[in-house]
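Per this note's numbering, the very first residue in the sequence shown carries number 143; after that it's consecutive.
Virtual Cβ for every residue (Gly too), placed ideally from N, Cα, C.
Here the structure is a predicted model, which means the values were calculated and not measured.
Input: a single structure, listed below in structure tokens.
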Amino acid sequence: MAKMNPIIYFQQVRAEVKKVVWPTRNETLVSTIMVLIMVMLASLFFLSADQVISWFVQLLLSIRA
């Protein structure tokens with residue numbers, strides 16, 4: 143890898159940061175709310191799946207051959 147002058151490097155970094163399109167406050171809020179909703183739905187799904195699997199395992203363990 144070729145060595146790069148630190149001054150040139152930071153000039154390029156600064157130029158790239160200027161190209162970034164930052165989300166608006168509203169976009170950030172909506173995205174955050176959607177993530178929280180999806181996390182809650184996923185946690186409810188995994189809680190339900192865990193309960194069903196636990197019930198099934200208890201059922202299998204209670205059957206004595």
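Which residues bound the alpha helix (DSSP H) around ASN168?
-> 167-204 is the extent of the alpha helix (DSSP H) around ASN168.
Got a sec: does the ligand PLP put a non-hydrogen atom nearer than 7 Å to the Cβ of VAL163?
-> Absence of the ligand PLP from the depicted structure is noted, as is the absence of any ligand whatsoever, leaving it without description.
For LYS161, which of helix, strand or coil comes out of DSSP?
-> Looking at LYS161 - three-state DSSP - the assignment turns out to be helix.
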